[in-house]
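Q:
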Ligand code: HEC
Ligand code: HEC
Ligand code: HEC
Ligand code: HEC
């Protein structure tokens, strides 16, 4: 009882704060419920107020999670963000794709939306990316395989695949647009052309595995290489991976 009362008081205080700040319509259903709880005396004859119970909507898979006004799926996505970022163009990817255009096979193959092991595919057949949270058709248009897609169903050109990545890796995408992640293709002056995410990351298995460090440079003739201390013996990335400092 005590707990419930403090909770109600806290709720009322929170609603008061929201009202005082001038956002009365922010959470109307909660505000109504709290107001009803805070007013125990009912006018004679009034129906008792039943607090609105909020039932959580059932979980939907990501790919079915469309916004209420779904954009036209035929319309390619044009990203107009980061007005402050220096202008850039992206190094095209299509020339690097051995199997593009995909429609050469897929226009005759039946579409199978079922996540499964692709035993008959001549291409990538498994998806380590995201640890089982995604399936091919979250990024590829099922009906027209020559296009990538966003989660909300808009088409993305294979040369603009960073727009697909940017949906879920927003901070990296922003860093990349500003030049703090990724790499510029030649030209430190003049037109800014940068590599797409997929030049460096495999879209299907994007984690870049740690690499062994290059051997240290040779010591001068006649000198001896100093012995490694235990702290130096293991490369930094190995120590970081094992959790040791
Ligand atoms: C040489 C023929 C061939 C080409 C080219 C090809 N695919 Fe496929 N793909 C297949 C076959 C066959 C399967 C079905 C595999 C299975 O069911 O085991 C498949 C399955 C798929 C699937 C699984 C969903 C489905 O419809 O079955 C996706 C996604 C896919 N391909 C994407 C692509 C993309 C993207 C490209 C172009 C970059 C491409 N494929 C090019 C032959 C091809
Ligand atoms: C996270 C989004 C994403 C998912 C999920 C995904 N792909 Fe892709 N896929 C891409 C992107 C982006 C490219 C373009 C890669 C590039 O630029 O090198 C691509 C390229 C491809 C290609 C062309 C590769 C080549 O070198 O020709 C095939 C084939 C393909 N995907 C099939 C699949 C299949 C099959 C699945 C499911 C098992 C799948 N993809 C899941 C984003 C995705
Ligand atoms: C639908 C959301 C989604 C999209 C689209 C997506 N990713 Fe991911 N990505 C994930 C998830 C989820 C993980 C796994 C994170 C984890 O398990 O900690 C991941 C992991 C990664 C990782 C490894 C990070 C790590 O710490 O292991 C890289 C790199 C990466 N993605 C790059 C890309 C690139 C490049 C693209 C575009 C081709 C892309 N992602 C598109 C959701 C997405
Ligand atoms: C020039 C190559 C290059 C480009 C282009 C690039 N990345 Fe990376 N990315 C890397 C390297 C190298 C790492 C570091 C890997 C590590 O620390 O294990 C990395 C790390 C990441 C990670 C974290 C992975 C981890 O293990 O912590 C994510 C997520 C990621 N990149 C996403 C993106 C996205 C999204 C884009 C495009 C907008 C992109 N990258 C473009 C090379 C690149």
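Residue numbers (mature numbering (1 follows the signal peptide of the UniProt record, and there is no 0)): -20 to -1, 1 to 225. All C-beta atoms in this analysis are idealised placements derived from N, C-alpha and C, irrespective of residue type, glycine included. The structure displayed is predicted, hence computed values, not measured ones.
Checking 8 Å against the spacing of the C-beta atoms, do residue 125 and residue 180 come in under that value?
A: For the 8 Å CB-CB criterion, residue 125 and residue 180 do not form a contact.
Q: Within 10 angstroms of its Cβ, does residue 203 collect 16 or more other Cβ (buried), or is it exposed?
A: exposed
Q: Does the region 70 to 89 come within contact of the region 130 to 140, defined as at least 3 CB pairs closer than 8 Å?
A: yes
Q: Answer with buried or exposed for residue 188, where buried requires no fewer than 16 other C-beta atoms within 10 angstroms of its C-beta.
A: exposed
Q: Have a look at the DSSP bridge pairing and note the partners of residue 128.
A: 120 and 136
Q: For residue 144, which beta-bridge partners are listed by DSSP?
A: In DSSP, residue 144 forms no bridge with anything.
Q: Measuring straight from C-alpha to C-alpha, what distance separates residue 196 and residue 190?
A: 18 Å
Q: Using C-beta distances below 7 Å, list every residue in its chain close to residue 185, excluding the 5 sequence neighbours before and after it, in chain order.
A: 108 and 109
Q: Check whether the Cβ of residue 115 lies closer than 7 Å to any heavy atom of ligand 4, and answer yes or no.
A: no
Q: Could you spell out the range, first to last residue, of the alpha helix (DSSP H) harbouring residue 94?
A: Taken as a continuous stretch (DSSP letters only), residue 94 belongs to no alpha helix (DSSP H), as it is neither H nor E.
Q: Identify, in the order they occur along the chain, each residue of the same chain with its Cβ nearer than 6 Å to the Cβ of residue 163, setting aside the five sequence neighbours on each side.
A: 175
Q: Is residue 70 near ligand 3, judged by its Cβ being under 7 Å from some heavy atom?
A: no
Q: When every heavy atom of ligand 1 is checked, does at least one fall within less than 7 Å of the C-beta of residue 84?
A: At least one heavy atom of ligand 1 is nearer than 7 Å to the Cβ of residue 84, so yes.
Q: If the criterion is Cβ atoms closer than 8 Å, does the pair residue 122 and residue 91 meet it?
A: yes
Q: So what does DSSP say about residue 69, is it helix, strand or coil?
A: Secondary structure of residue 69 (DSSP, three-state): strand.
Q: Tell me, which residues are paired with residue 178 by DSSP?
A: Looking at the DSSP assignment, residue 178 forms no beta bridge with any residue, so it has no partner.
Q: Using the Cα positions of residue 111 and residue 199, report the straight-line distance between them to the nearest angstrom.
A: Their Cα atoms are separated by approximately 45 Å.
Q: Just list the residues that DSSP pairs residue 164 with in beta bridges.
A: 174
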